[in-house]
Structure formats: C-alpha cells, structure tokens
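Here the structure is laid out as structure tokens; the discussion comes afterwards.
Protein chains: 2
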Amino acid sequence: MKSIIRIGMVQMNATVGDLNANKGKILQSIANARTKEVDIVIFPELAVCGYPPEDLLLKRHFVQDNIKTLRSIVKETAHITAIVGFVDTDKKGNIYNAAAIIHNKVIKKIYHKQKLPNYGVFDEARYFTRGEENFTFCLGSFCFGVSICEDMWDRKGICHEQVKSGAQVLINISASPFHTGKRKEREQMVCRRARDEQASIFYLNLVGGQDELVFDGGSFIVNNKGTIIASGTSLNEDFICADINTSSLGKKKKILSSPAFSVVLSFKEKRKRAAITCRKLKALNKIEEIYKALVLGTRDYVQKNGFQKVVVGLSGGIDSALTAVIAHDALGKNNVVGISMPSQYSSPGTQRDAEHLAQKLGLQFITVPIQRMYQGYLDLLKKEFHGLKQDATEENLQARIRGNILMAFSNKQGWLVLTTGNKSETAVGYCTLYGDMAGGFAVIKDVSKTCVYRLAQYRNRVGKNNVIPESIIQRAPSAELRAGQKDQDTLPPYSTLDAILEDYIERDKSFEEIVAQRGEAQTVRNVLAMVDRNEYKRRQGPPGIKITPKSFGRDRRLPITNRYRPMM
Amino acid sequence: MKSIIRIGMVQMNATVGDLNANKGKILQSIANARTKEVDIVIFPELAVCGYPPEDLLLKRHFVQDNIKTLRSIVKETAHITAIVGFVDTDKKGNIYNAAAIIHNKVIKKIYHKQKLPNYGVFDEARYFTRGEENFTFCLGSFCFGVSICEDMWDRKGICHEQVKSGAQVLINISASPFHTGKRKEREQMVCRRARDEQASIFYLNLVGGQDELVFDGGSFIVNNKGTIIASGTSLNEDFICADINTSSLGKKKKILSSPAFSVVLSFKEKRKRAAITCRKLKALNKIEEIYKALVLGTRDYVQKNGFQKVVVGLSGGIDSALTAVIAHDALGKNNVVGISMPSQYSSPGTQRDAEHLAQKLGLQFITVPIQRMYQGYLDLLKKEFHGLKQDATEENLQARIRGNILMAFSNKQGWLVLTTGNKSETAVGYCTLYGDMAGGFAVIKDVSKTCVYRLAQYRNRVGKNNVIPESIIQRAPSAELRAGQKDQDTLPPYSTLDAILEDYIERDKSFEEIVAQRGEAQTVRNVLAMVDRNEYKRRQGPPGIKITPKSFGRDRRLPITNRYRPMM
C-alpha cells in the first residue's frame, strides 16, 4: 500500500536547564508542524533539558522536573507523532539519554541511547546507563527506527538491527558540537550508513551555544541511495521537512534474526496536502563557518547568561579588533563598548586604529590611560624590588591594571568582559593571568593567530566598509608592554608556531614526531615546554568557543602537576 | 605443606609523569624489600606514571615511555616477586589500567583492571578499556589474586571469582583519594570482603598530593576473619610488611565454576628469617586527618610544581592565618612570606594580628599599604562613574589591587601565591575574581568556614605557643572592604550557611528538601541562588585540596550557562 508520510525536523536552540523555555519552543514547533500537516515531528537529543546538562543530571529533582515537562508536552500531541529527546529514569534511579516516541497524546515507547560517548568533551558514561532495547515503529505501512547521536556511528550496529527488523527510514536525533570539518564528517558517515543499510536517514542536530560548545545544526535528509535530498541551515534554527512516498522506499526487509521490538502506531493518511519542496543548502566554507560559529557562540553565552552588553579592551591589535567585530555582529553595535587603555608603550598608530575601528562599528568608545596607575605600582613596590632587574613583572602589572579597569566597568555597569586572547598565545602562555585573561568569555580562545587573520580578512571581504582597518591587519603583532616589543622577539613566526601547536595539541604528537616533520628541534622543544608549563594559566582562564577538534577546556584535561618532560 | 610468605606493601608517593623519579623509588623499595627478605613486594595503582595521569594517557609516546620504564624495573627483580601498577597497551592501541606480576626478572602476567570508575573525580572510562581476564597466582602452596582499586568494591565480584579459583590472599592496589571518612569506608568495605570470602586481604593505597587530590595511604592488612592485623600511616610514605603462615589460611578452596586462570610461580622458601612484627596504628581523628591532608596536599603541589617558596596575603583574618600556618607546616618557616596590604578599612586589630601571627611563625613579613593605589583607581574612573552609587565595584578594586601586588611578588621572586578562600565563601561567591581569588593554589578551598575554626583550634592545641592569636579566632569575620563591614551583613550565620551548602553541594538535595529540613525558605533560596550564580567565578579559581565527598573542581561539573531555577 502506497502512502505519503510527512516528516519535519525541528532544528532548535535549547537552553540548558530552562525547561519552560524549551517546552515553549517544542509546543510552538508542534503547532507549526500541525499547520504544515506533518505526520512525524522530531526534536533533538535532550531537547527538553538542553545539552549537555552535566552534573545537573546528578540532581534527582532536575531529572524529575524534566520528566514533568515531557508529560506536559505529551498532552499537546493530538493527531501527531512526536519524537522528543529527554532524560528518562527507572525504578533503580538509573538515568538514560532517551527519546520519547509520542503518538496522539500517549507515550508509545521510550528509546534509551545505547552508545554513550565518553571522550573529548563528552562525559556521558558519568551519568547515563546504557540502553539495551531496540525498536521499530510502524505508522501504517511505513516503518522507522529511532536512535540517538552516537548510536548511528557504528557500522553494523544499532541502525543495522533496526533495518533488519523492517525499518525503511532511520531517524537520528543528535547534539553534535561544531568543529571545523565536523559537518562533512557527519554527512559522510550518515550517507555511508544510508548506502550500507539501503535506508533513508533523517539526521537532526541541535543548534546553539552552550558554554564552550556550539551546536551547529546542519540537519539533513539522505535517501536510501546515500544522497542528501534536503538540508537545514548551519548555525541557525530551522525546520526541515520532507515527504516520504512509502512506495519509493523499496520493499520492507524481511524480519531476520535478533529483531528490534516492533511498535504499531495507528495511522490515517492525510488527504490533499500540497507537496513540500525540499531545500538543499550550499555548505558554508571553512572560514565562514568558523566566523558564524563564533558569532552564535558569543551571542548565546552572553544572552543565555542574562547579559545584554559586553565590553572589550581595544588595543588596536588584530585580536581585540576581531573580538569586537564578532561581538558587534552577535549583539548589535549598541551592546558593545570598546575601551582603550593606552600606556607610554602604546604607539599612536594602535591608539588611532582602536578608535577608528570603534567608529566604523559605531561602538561606544571610552579611553582610560593607565600610565599613572602603572607608575603608582612601580613606586609602591620600589623599595621591595630595589636592585632587581625589570622583567615580566612590570609587563604583567600593565596588563593587570587593564584587567582591573575592565572588571570595574563590568561590576559597575553589568557589562560582560570579553577577553581577546587567541589559541596560539593561550597555548604558550603569552598572556597575563588576571590581566588580559580577565573576563567572562574568551571569544577566540580556540582560534589560532593564523586563523585570526583569515577571519579578519573574511569579515572585511563580506561586510561593507572594511571594518577592520588594514593597518591593524598589516602591523607586526606586539603586546606593547615595553618599548619596541614584538611578539616575534619571544615566539617563533606564527605560521611555524601554529603548525607545531596543531601537531602537539590536536594530534597529541610526540616531540620526535614533530621535529621529524617540522624540523628545528630547539624551536619545537621551546614551544612544547611553554605549552606544558602554562597549563595552570589556562585552567584559570574564562571559557571560550571550541572550533577545532581539540580545544582547551573539557576537551583537553591535562594535570597541572605534570613532570613528564620527554623532550628535555 | 606449611610455609611462610612475607609480603611487603610500598605505600609510595608517586609523581604524575615523572617516570624516572617513580622508577627510582620503586627500585629503592625493591632493594629495601630484598634486605627485609620479602617474597612479594607490592606497589600502588599506576605507580610507574602516577595517578591520575589524565589526558597524558592520550599521548601514545607517554604510554610507551611508561612501558619502557616498567621493562627497566623488571630487570631489577631477581629472586623476588613484584606487583607493579602501570599503563598497559595492546596491538589495537587500547590502553589498560594494569598490574604487572613480575617474578624473578620475568613478567609472568599482566592483570587489567575490570571496574573503571567514572564518577566524582574519576574519568577512567575516558581512557581505559575494561579488562576481562581474571587470574590467580601460586607461589609454592600459597595462592593469591591481584585486583586494582574499584575491582574490589563489588560483592560477589572479581575477588569472589579469584577465591573460587583458589586464592587464599587477595592483593588490591589502589589510588583512592582522601575525603573525610574515606579511610573508614575503605576499611569497612575491605573487612566485609575478607569475611565474605574468608580470605586475607592486602590493601595498598597510594600516598601524596596531585593537583586537587590527596591520596592518603592508610594501607592495611586484614585476616580472613575480617580483622585488621597491620596498618600503615595516613598521609605519609610507609612500608607495611607481614608474614603469612600458609597453614593459617585454611584450606585452599576447591576450584569451582568460572575459574580464574592460574599462574604458577616458582618458589623456594627463605630459611631462618627473623619474624616480622605487624604495626597497627591508631586512626587519626577527623580534624587531625584533614589538617594533615592539607599540609601534604600543599607541600606536594608546591614542590612537585618546582616551587620552593610561597607568599600569602595576611589580612589578620582566620582564613589567611590558617593558610599561612598550613604552609609553614608544609614548607618550613623560611619558605613562607606573609604580606599585609592594609587599606583605610583595615582595623588596627587585624593589622596587629597579621604581624603577630607572622612573628609567632617566624615568617618574613612585608607590609604594602594600598590606600594610594585605591585612590588612584577612584580618580581614574571618577569621570566614567560619575553619578553612580558606590557598590561592590569599589570593594573589588581593593581586592584586585592586593591580587596584583601578590602576583607582582610572585612574578619577581618566583614565589607561588597561596589563596586563602574557604569553601563557604567560594560556594556563594563571597570573594573577588582576580582579587583574593588570584593565586596558584587554594589551600582551604574545600574547607567550610565552620571547619576552618576547628582546624585553627586544633592547630593551636597540638602546637606550642598558640600560633594563631586568640583575637583572630574570636573576631567576627569581615572582608574589611568598607567601613564597619561584617560577613554576616550579607550572609546568614556560618553554621546555617554551611549546613545548607552541605545539603546542596555534597548531597545534591533540592530546594524543597533543604527547606523541609533547615527551615527559612528565603535564606535557603538566597543561598542556592548565590551558589548557582557564581559558578563562573569558581571556574576561574585556582585548584585546591579536596577534603569533602564533593569539592568544587573535577568533582562537580556544572554548566555555567544554566537556567535551571527550581526555587524561583
């Protein structure tokens, strides 16, 4: 029997812990799906409570409140099938990363995630018990399986079992965080799975920023030949909808060994629906995607934490310029304040550039010179430091005065301080703890200096008016903490540094492997030693947006006390 | 056949990553065991590389270096059996938390840990593959099993299987971190296991500080009736040795179903050994144990990170006084510097007390007044803050000036800054980020204010000379950041606050449960809201020593972006 099934995927931006707001979005989307005559409406992994809720999951009342929220959603599912991610529990108090399959105001079945990721940024084995049951669902003559994120990543795994049990369509709800190249990885994996299993796949991903993670959406639908037939936007909420003609799905597989348990849902085909056209969006290029991830991650961190305005220290350098532009794009020009805090070591060029940038962006711009405060500290400590040479102490003092000033504005005005450190300097500790590292959110913390330039150029290219003055892009990087200082006095050229850092941090390569590939043993040795030595600084830095396969933070958990020095 | 087997447990302080130093300790202990005519010498879990190595385990070269280190240890095991914790690997690149059973220069077998803790501070599922094989070992007529830490915590689990396969003695090597009451938990569990299985148990625990964790040792030996017959010191290195008369062990069990694989080790009984007398130490009381854990944790953090001296801001309050005394006990008076940084809000009493404390301890004492710097910031920001009321901004400025001064001494002199915040204020955010929170190590971060007083009184009682002046203990707590300020203007009394915090943080109780038990809904609501709101501060604080079942840090992983507000 031929029939048409309409499936809609709600690529939503859930907020961790905000059960009411998430419920509101879910109900609105169900209503919207109903007006579009959708048969099955799908929500992302843990849509009810947001992802990842981390140790909120250890609070029994949190889990109970999330279940209450789900129950109140169930009541609103008249004449529709909804698949909703939430946290389930059992009598023993175990909890599960779960999907409720709800049909016409009744929870027909709850699926428990079977593959629990526990690497990188993921800690699911800390919380969840592994599910053990597999199901297929029949809506009239149409048969589908439901799985959660990692469940689909194994060949011949859970989805294979669902297909063996008759599933023609596989639905996967995910919360898969962004890093460069991740969307392609997902698409390749899902298309391969579709070809392997000769099944259509509806892949739905969460969207939105949560602390260091950005979920990038980019949900899509693949036919049983492994071709993407519809896709959602990256880094925005979206609704992706398709009609499935059951006659096009090929024969239902015979039920073979180890079948998934089959659940029958009553079905009455809707008549006379206007056909839905699938959208297929062009993928973003690498730099565009990173830029948009930074904008979304910044906006969501600021707003989900209840802030409206942010403040950025503008030095006239490229890092603070890029940070300010991202903040401008995320929050609007009226919600970003730039503060210039020049010292005797600041060049007229950088000061002019800082002001110029603020003007171009239309930001409030405040100047607070720090020379007198700096001299004050020097006088205060003169006696104690008598006879000792000038060193990083004096440089750090300047950075910390600036940190204090920014934090004073933050305290007084309720503005969130955005820090401006990039991944290259965070890696080697070329930054001052409680100085330029002081602030609530580190927008470009996972962006290498090399990539900072590419993002700046990209933004100038796509926007009007070259908002980042060319002189900022051209000037040799300097912290301007002593006369004539340049980054390259202390660090190798950024192209060399970034290549070494990528090998060491993202690929966990050894000293010998890096030297073999990049040459220059002494440079490599110095860089690796700086990275190791500065773990304590990074541990006290603010969170920032992950854009690479391995960022500092939950993603890379090295001990501070660590005497492993293989390159010495 | 009756024989005497001598088993020695090396309760050692390993350092994470310091393969050479750990190897040195292991070889020295093997030599020492040989002079004591020991048959089996035992080392703690991951003794070769230290525990927990965290993401060092993701570096293949680290794992390889640890295996090379083990191999070089094997060569030094002539005529002795050694059980050594290390990281094993297989051809697929999986890694295992392992124990090598080495006999006369040959690795006879490698046991892989089967129960991998992945809760609280533990992330073992992130790294290790679960072992699946179980063994027993026969040394002459004597038969024993080896397990690693968590392996023993299950009833009828791995140890049961070893006993069913003939093991008369169970050897467990652990790295079990300290919190109050933990030693008793361990002893009760192990004694129960010994009674259940009618087997003797040798329980060996690591000792030493590693970032936020202190491993407290306290290794012990239990007979097959479940009675402790020997025990090692808490919070110190030790060597615990006992003779086992195989005839006293009762009959070897018949081998029943699912036997562990049996490994036979050649054995020649040593003649004419002088008998060994077992030591049984009195357990420390709760406060004494916490105090010693703080001393060890501080000493190891400072020294393992290559520092010699520390600096503490001495306000004349109880928190900084206790921190300074702990540092003094950990490092000696010549390695602790006290800095007083009075403002116009500092009372003559607190300034006198700070100096008095430093004198009693024999510390270098420096005074750096902050009034002028404070006035400098006020002048600098006057225009920008014109017409705005005085608030926490001005208080934070003072704290941040002090933070800058301490960090300047740290930068200039290479001293590590110890922060002085307790758990109560860290919980509710009654502290200044980049101000009093600025520093490398937070000694009493997990110690509630109530417990701070008990520790101070304990230290005065056991030491000479009442080092903490009574006036410091008696004075009502104040941050002295504005005229007449007292902690209790802002916070509930500490006894109330600490009780609420314990329920909320350590027991994950809900608002309703806490109100039901502690009354005063509005107080509870305020406290819980402060805890939630200040997650961002704690995330940027320095590490500190875990002494409770749930500390801030790896132990409690809450999102910063978290809109769960069930009590609103």
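Chains H and C, in that order, give the protein sequences. The working numbering numbers the first residue of the first sequence as 26 and each following residue consecutively. The working numbering numbers the first residue of the second sequence as 26 and each following residue consecutively. Heads up, the beta-carbon is just placed ideally off N, CA and C, and yes, glycines get one too.
### Query
Taking contact to mean at least 3 C-beta pairs separated by less than 8 Å, is the region 456 to 470 of chain H in contact with the region 564 to 579 of chain H?
yes
### Query
In whole angstroms, what is the alpha-carbon distance linking N485(C) and Q499(C)?
13 Å
### Message
Could you compute how far the alpha carbon of E256(C) sits from the alpha carbon of V335(C)?
### Response
First, the amino acid is wrong: residue 256(C) is Ser here, not Glu. Each residue's alpha carbon lies about 34 Å from the other.
### Message
Considering only the alpha carbon of each residue, which of R588(H), L583(H), I29(H) lies closest to E294(H)?
### Response
I29(H)
### Message
For V337(H) and V320(H), which I take to be in contact (beta-carbon distance under 8 Å), what is that distance rounded to the nearest angstrom?
### Response
At roughly 14 Å, the Cβ-Cβ gap does not stay under 8 Å, so V337(H) and V320(H) are not in contact.
### Task
Check the Cβ of Q235(H) against every Cβ in chain C and list those closer than 8 Å, keeping chain order.
Per Cβ cutoff of 8 Å: P584, T586.
### Task
Enumerate in chain order the residues of its own chain whose CB-to-CB distance from N119(C) is below 6 Å, with the five nearest sequence positions on each side excluded.
T154
### Query
How would you write the range of the beta strand (DSSP E) that D241(H) sits in, first residue to last?
238 to 241
### Task
With 8 Å as the limit, tell me which residues of the region 141 to 153 of chain H have their beta carbon closer than that to any beta carbon of chain C; keep them in chain order.
Along the region 141 to 153 of chain H, the positions whose C-beta sits under 8 Å from a C-beta of chain C are N143, Y144, D148, A150, R151, read in chain order.
### Query
Three or more C-beta pairs closer than 8 Å, one from the region 90 to 97 of chain C and one from the region 108 to 127 of chain C: is that the case here?
yes
### Message
Under 8 Å, Cβ to Cβ, is there at least one residue of chain H near A72(C)?
### Response
no
#### Entry: Three-state secondary structure (DSSP) of M34(C)
Looking at M34(C) - three-state DSSP - the assignment turns out to be strand.
### Query
Does the beta carbon of Q565(C) sit closer than 8 Å to a beta carbon anywhere in chain H?
yes
### Endpoints, alpha helix (DSSP H) assigned at K207(H)
207 to 222
### Query
So, do the region 435 to 443 of chain C and the region 414 to 426 of chain C have three or more beta carbon pairs nearer to each other than 8 Å?
no
#### Entry: Distance between K470(H) and C476(H) (C-alpha atoms, nearest Å)
11 Å
### Cut-off 6 Å between Cβ atoms - residues of its own chain near E237(C), not counting five sequence neighbours on either side
P568, K571, G578
#### Entry: Beta carbon of T392(C) nearer than 8 Å to that of G341(C)
no
### Task
Could you pull the start and end residues of the alpha helix (DSSP H) that D344(H) belongs to?
343 to 356
### Query
When the Cα of I240(C) is compared with those of G206(C), S201(C), R218(C), which residue comes out closest?
Reading off the sequence, residue 240(C) comes out as Phe, not Ile. Residue S201(C) is the option with its Cα nearest to F240(C).
### Query
Is V361(H) helix, strand or coil when you go by DSSP?
DSSP places V361(H) in strand when its eight states are reduced to three.
### Task
Return yes when the Cβ of G75(C) is within less than 8 Å of the Cβ of A39(C), no when it is not.
yes
### Message
8 Å is my cut-off, CB to CB: does N421(H) come that close to chain C?
### Response
yes
### Query
When the Cβ atoms of the region 490 to 498 of chain H are set against those of the region 341 to 360 of chain H, are three or more pairs found closer than 8 Å?
yes
### Query
Which bits of chain H does V41(C) rub up against, with CB to CB less than 8 Å?
P584, T586, N587, R588, Y589
### Task
Under 8 Å by Cβ, that's how I've got C266(H) and I301(H) pegged, so tell me the actual separation to the nearest angstrom.
5 Å
### Task
Look up T548(H) in the DSSP assignment and say whether it is helix, strand or coil.
helix
### Task
Sort G42(C), N551(C), L231(C), Y399(C) by Cα distance to L405(H) and report the nearest one.
Y399(C)
### Query
Interface residues of chain C around F390(H) at Cβ under 7 Å?
Within chain C, no residue has its beta carbon less than 7 Å from that of F390(H); the closest one is some 12 Å off.
### Message
If I measure Cβ to Cβ from A452(C) and keep anything under 7 Å in the same chain, skipping five residues before and after, which residues do I get?
### Response
L526, I530, V556
### Query
On the premise that D580(H) lies in contact with V232(H), defined as a C-beta separation below 8 Å, what is that separation, rounded to the nearest angstrom?
Rounded, the Cβ-Cβ distance is 20 Å, inconsistent with contact.
### Query
For the region 428 to 445 of chain C, which residues have a beta carbon sitting closer than 9 Å to at least one beta carbon of chain H?
G428, N429, I430, M432, A433, F434, S435, N436, K437, Q438
### Query
Closest Cβ-Cβ distance between P202(H) and chain C: below 8 Å?
no
### Message
For K448(H) and R550(H), what's the separation of their Cα atoms in angstroms?
### Response
19 Å
### Query
Can L229(C) and N197(C) be called in contact, C-beta distance under 8 Å?
yes
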